[in-house]
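Student:
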Amino acid sequence: MKTLKTLLVLLLLLGSSVMAGSEHDHGHSHAPAPVNQATAEKNADKVIASLLERDKIDKSWSTIKVSSIEEKELNGRPEWVVIYINEKITNTDKQKLYVFMTIGGEYIAVNYTGN
């Protein structure tokens, strides 16, 4: 009887390991799914709002809409580059504001140079 129980347990264990083969996916990728252009624009607008709230950029940026959105490959990775142009700024070096985001729509950086 003891041998029969041992055999039964072994069969159950072996059978369950066969069921747990490598033909399935647990979704281990932690990268966010890519977002579309409209979502990228909305997320960039939130970045601008945050900068305004913290007085990091001139208040005149509050009325500026997105000028263009580009999907570029930077450092070997696709990214969204959202560009705002504010002609109310007298310093021409600071009239363009670039918001960089991951292709998943997460904020990376913002600057006036586009680099």
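If you're matching positions, the sequence shown starts at 81 in the working numbering and goes up one per residue.
Here a beta-carbon is modelled for each residue, glycine too, at the ideal position from N, C-alpha and C.
As the structure is a prediction and not an experimental result, all values here were calculated from the model.
1) How would you label N195, buried or exposed, when you count the other beta carbons within 10 angstroms and need 16 or more for buried?
2) Looking at the structure shown, is T182 part of a helix, part of a strand, or coil, going by DSSP?
3) To the nearest angstrom, how far is it from the Cα of P112 to the Cα of E186?
4) With 16 other CB atoms within 10 Å as the buried threshold, where does A124 fall?
5) Hey, out of R134, D138, I163, K126, whose CA is closest to T170's CA?
6) Excluding five sequence neighbours on each side, which residues of the same chain lie with their C-beta closer than 8 Å to the C-beta of W141?
7) Going by beta carbon distance, what residues of the same chain come within less than 7 Å of R157, once the five residues before and after it are set aside?
8) Any chance the CB of V179 is under 6 Å from a heavy atom of the ligand FAD?
Tutor: According to the data block:
1) Against the sequence shown, residue 195 aligns to sequence position 115. Exposed.
2) Taking the first residue of the sequence shown as position 1, residue 182 is located at position 102. In this structure, T182 counts as strand in the three-state DSSP scheme.
3) Along the sequence shown, read from residue 1 onward, the residue named residue 112 stands at position 32. Along the sequence shown, read from residue 1 onward, the residue named residue 186 stands at position 106. So the two alpha carbons sit approximately 9 Å from each other.
4) Taking the sequence shown and counting its residues from 1, the one referred to as residue 124 is at position 44. When all chains shown are included, A124 counts as buried.
5) Your numbering for residue 170 matches position 90 in the sequence shown. The candidate whose alpha carbon is nearest that of T170 is D138.
6) As a working mapping, residue 141 is identified with position 61 in the sequence shown. Contacts found: I128, L131, L132, Y164, N166, L177.
7) Position 77 of the sequence shown, counting from 1, holds the residue named residue 157. Around R157: no qualifying Cβ.
8) The ligand FAD is not among the ligands present in this structure, which contains no ligands whatsoever.
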